[in-house]
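Heads up, the final residue of the sequence shown is numbered 1102 in our numbering, and it's a clean run with no missing numbers.
A short write-up of the structure that comes next.
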Amino acid sequence: MDTTDDKEFNLTLQINNFKASLVEFDKLVEQTTAQKKEERAGLFIPKEDAIDYDKFYATVQQIFGPEVKNQDVKCFYRKICNNPDATFDWCEIFGYFSTEEDFLTSQMDEENLVFLVSRKQRIVISGSRRRDVIKCIVKVPQLDLLITASQKGLITVFNSQMRVQTSTNVTDTSWITGCDYLGQLKRIVATTERTIIVWDYKAQGSSQEHYFVIKPMDHCLLCVCVVPLPDQLCRDDILLGDDGGFVNRFTVNSDDFGLKQAKTRKKLQTQVLDSKNFKSVKRKLHNDWVMKIRYIPALNCFGSCSLDSVHSLVLESLKRLEDNLPVREFAMPRGANTFCYCVKANVIVTGGDDKVLRLWHPNISTKPVGKLVGHMFSITEIVNNEKEQHVISLSSAKVFRVWDIQTLSVLQVFHDSQGGPGDMQIYSMVYDANHGMLITGSGVIDMYPLTRMIQDTKQVPHTHEREINVMLYNKYFHQVLTICSESVIKVWELETGFQIYQILDPHGFNIELTCAAIDESGFIFATGAYNGTAKIWDFGSGQEMKMLPEGKDWAEEEHGLLRLFFLKAQVKHQHLVLALERNGTIKMIQGKEDDLFLVVIWELPDAMPYLQYGSHIVHLKVSAKERAMAIPFPDVELIVQKSFTQQTSNNPAVDVEVNCIDLFQVEGYNLIACGTLNGMIILWNFVTATVKEIYRPEDCFSSDPELDPKRFRINDIMFLFRPPDCVRRSSQDSICSSTQCDSSKGPQSSKGSKQSIHDTEVKGEQADTVGEQQPGSRKQPTPSSSVEPQPPILVTAHEDGHLRLWTLEGKLLKDILPFTKHSAISLTSLYTDSCCRTLLAANVEGHVILCSISAFLDPPHDEKKFKQLLSWRAHSLEIIQVIYVEDKQLVLTASIDGSVRLWHSTSGHYCGYFGQRRMFDLTQSSDFILPCDVNEYPVEIKEESKFTEKKQKYEYPLIFDRERWKKMSSVSLLFKRAPTKPFEVQHDFKFFKSLSSPKIRRYALEGFMTENREAGIVFGSLPIYRVPSPTSLRFLPLIGSEAHRDSVEGVHGKKKGAHVQHDKSRRKSLKRNLVPQINLASSFFPTMPK
């Protein structure tokens, strides 16, 4: 009764808790709908009080737990934003009305299975004509080698490309039962039924076939494994299992094999060693055959399984082999044939003749924590994929089953159908984590690759049927919008890579879309086509809202749209879009709430003719007429002199149209920057009412048929400005230590040995982080900490491959040619994060360049602080757009090859492409893969440390420098301090001070005789030169220990300016007083005959 009451009480408590959660959820929905209604009414809502999607999703997770799906919450939130007056049901937050047929279909599709069986590769073993099978396969991950041992003695080593590196044939009467790799001795150990074989696979020549045989053994050996203990040097421990139920620990040293072959004169193929000379210990742990033995470093113990139903699995430390203390035993019916350990899940998986996979906790041997049922025959092998958390089991009927160790569900079942039931039995199986491949050994070697490895490395990434024209990122919904030249709009989920919806022929049949933009709120987006038409869409549903029709008198492609920008409208339910046409015209498009059509309400005049022939600055006249609705840019007219109106004819051979624009609207600034086809940078300043020329290349208005007309073109332009909130955030991050700061605050995080972009630039940001804080959040109220916000900086991407940064006055701050594997390549796209810490650029060859600019933006804009950190090739063709997702540290690239790909920004590692069957794995992967059309590895630019630079380079050999000898006083050097011993040589005596590097002769040596017949035909034809002999060194200072009294007089003589080297009296006194006498001249200079 008590148990029933407890269950009823727990059920009632759960129901009450869920009802309370529903009440909180209803309050959240009411608050969100009320806020969305206020936004539609035009009321201002503070940013900190606004409920965006991230805040809504986090609150829902707090109410219902982390099991709520992100996609269901996003659909529910989108429904609230689109129609706040609609009715909502709490079931929708759990996806109650959503169907999963498409998802299940894609899950069961062959392309989305774990292993792609259709891409199986087979290697036939060679070296023997007799029938043979692979008995054991061992993967050596640190060397990326694969070792196979056949039953009849063929041991083969394969390299990473699965090519035979070396092999040997063991001529033994008994069959091989197992093998492994000795990590310390760098050799291969194999076991036969009665012997242990140790083979040096790295030996060359005739020694390659030599191996050592250790025998005899007490029982028949069935399995072997090596204990990987890194603290042992030149010694390895081998664990052996035999048919008597014993586990043997065998210790081998390098001395046991190193010198024996060298001592024997006759080279034998095998050398027999007595097993009694080796240190060994054994203990009986099972009552039947030991089928498998493995050492588990994570648990610091070994495991052995047997067909014994009582002592089926033993898990203990190596010390238990030396005593008789009790051991941990796991019992299961009919014993265990094999087992494996999953580190992350912390479970041991066993399988045997009872056809059941059992999951055991290492410390609980009484009852398994789970069972996996599905095999119809005995289980013979089990391996695990630690990264994917998969367990692969094999039965005697050659049926493979892939299980998810976390959900205990089967993911894939496939069968090796080649051969009959009793033919080609699979004896061994191993999972290669380096290459994502399942390898089995029977009469042949079969390799089953992971589906994701084939998709990532073999299949060409394919997002659209045609080349990509536009790629945008909606940071509020974490979705990506792509448009191809065939005018197909697709919206993708960033976290999963799945497609949400698509729109076919959005502007009509066969009308190509050329540009698009997303509103600041993320709810609407605009598209522009080559015929000048524009449309505004609802981002959540993909429904068309408003349209700008094509003009009647428009010429074809003359009014085609190149760029679109959403502007902040000061009236509710109004949309303002700034558009750039192909002919260089900049205009503003307005969309009212009640109108179905968009209208052009503002157009910027053409200032290029006046800037070309007039001054570098043209003033603007602001129109006095008032508009019914205020717009971000005023109506302006050019103020020009009459003398310039006669010269406004351009060279028709030179294109001067605007190619790219960017706008900058903050307090105190209202700017539009333009980059032209002929390389000019034009800045429209509506605060000062001027338009000026910032930069003009030389000969940009002259045409030369021998030169590329596109050589000056500016392909992209962008403003760089750090908002005050980013400055305050940088100040908070700089206070934190690198170990305590959250990695999500900055766009980059440290990974391994690579340095974080944010961490390297925090030091440079401290100069203005305090000064740009608002008064409410100012922590240091000192007057000196108040600094005005820095003006923006312009960055331009040029056709010549250069990246240039400018001030608003036209001063060039930095001109850099980004480093890639090839020469200068035209840049196509620019992008930066919200705080301007990272700058990304892309070029026409498919490279992505990542630079750190945070410290560079701080005055005085030191060009040395502009650092390129990384570059990698993302596509084989031109990249049209690059986007940086700072909160997830990802880079999106869109190319004309029709694919949109995903990369890790910290390392340049490939994540996948939009349109692939499997979900994205956005975690930083340890295995590095590349798309099939890219074969270049990322290039990390590392700055040389000042501590590693060599301050002085020495040249050798040194020779005696007579000029230096004459300038020094021997007495002051010889007797600087009195030596303690008579024969002690001082390190600073005069001779060594006179050594210097050899002087390079600046004149040719004079030859006086050639063709010496006596020297022979070869040496006689060589010219002979005469080298002037140096003056013989008759007197060289000698080293002594008893002349301190005369040394004082020598010091006084030096102070008076007297030279003692050429004084005969001084020379005699030195020769008389320096005792003992040591002449060093013969040691350094050979005797030269006069």
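Where is the CB? At the ideal position from N, CA and C, for every residue including glycine.
Just so we're clear, the structure is a prediction, and the values are computed from it rather than from any experiment.
Item, Value
"Coarse secondary structure for S627, derived from DSSP in three states", "coil"
"Buried versus exposed call for C352 [16 or more other C-beta atoms within 10 Å across all chains shown]", "buried"
"Under 8 Å between C-beta atoms of R632 and E649", "Looking at the sequence provided, one finds Leu at residue 632 rather than Arg. Yes; because the gap between Cβ atoms is below 8 Å, this pair is in contact."
"Minimum C-alpha distance to E507 - residue among Y485, G347 and G257", "Y485"
"Under the three-state DSSP convention, the category P461 falls into", "strand"
"Inter-residue Cα distance where the pair is I523 and A867", "45 Å"
"For A867, the three-state DSSP class (helix, strand or coil)", "helix"
"I404: first and last residue of the uninterrupted beta strand (DSSP E) it sits in", "H402 to S407"
"Boundaries (first-last residue) of the alpha helix (DSSP H) holding Y65", "Y65 to F76"
"Where the beta strand (DSSP E) through W977 begins and ends", "Careful: W977 lies outside any beta strand (DSSP E), inside the alpha helix (DSSP H) at R974 to K978."
"Among K383, S917, Q418 and N336, nearest to N358 - alpha-carbon criterion", "Q418"
"Nonlocal neighbours in the same chain, by C-beta distance under 8 Å from L25, ignoring five residues either side", "none"
"Assigned exposure category for M692 - 16 Cβ within 10 Å defines buried", "buried"
"Sheet register partners of N396 (DSSP bridge)", "V403"
"Whole-angstrom distance between R913 and K722, CA atom to CA atom", "29 Å"
"Range covered by the beta strand (DSSP E) that runs through C496", "Q491 to C496"
"Y949, buried or exposed, once every other Cβ within 10 Å from all chains shown has been counted against 16", "exposed"
"Cα-Cα separation, Y843 to Q893", "9 Å"
"Sequence-distant residues of its chain with Cβ nearer than 7 Å to Y513 (five each side left out)", "V503 and G554"
"Length of the line joining the Cα atoms of L55 and A642", "17 Å"
"I224 (DSSP reduced to helix, strand or coil)", "The amino acid at residue 224 is misidentified as Ile; the sequence shows Phe. The answer is strand: DSSP assigns F224 an E or B state."
"CA nearest to the CA of T819, picked from K227, Q177 and M730", "M730"
"Beta-carbon proximity list for P473, same chain, < 7 Å, skipping 5 on both sides", "S911, R913, Y925 and P943"
"Through-space distance from D728 to T688, alpha-carbon basis", "10 Å"
"Simplified DSSP assignment, three categories, for Y622", "helix"
"Beta-bridge pairing of H323 - partner residues as DSSP gives them", "BP columns for H323 are empty, so no partner."
"Interface flag, L484 vs chain C, CB-CB below 8 Å", "Absent here is chain C; the protein component of the structure consists of one chain."
"Three or more C-beta pairs below 8 Å linking the stretch 573-581 and the stretch 669-688", "yes"
"Whole-number beta carbon distance between P644 and L592, since they are thought to touch under 8 Å", "Not a contact, Cβ separation roughly 15 Å."
"Within 8 Å, strictly: CB atoms of N265 and C246", "yes"
"Secondary structure of Q43, DSSP reduced to three states", "helix"
"Neighbour-count burial assignment, V425, 16 or more Cβ in a 10 Å radius", "exposed"
"Residues that DSSP places opposite G540 in a beta bridge", "C527 and A546"
"Classification of R175 by the beta-carbon crowding that lies within 10 angstroms, buried from 16 upward", "exposed"
"Contacting residues, own chain, Cβ-Cβ under 6 Å from D517 (five flanking each side not counted)", "S499"
"Nearest neighbour of E898, chosen from G552, T850 and N855 [CA to CA]", "T850"
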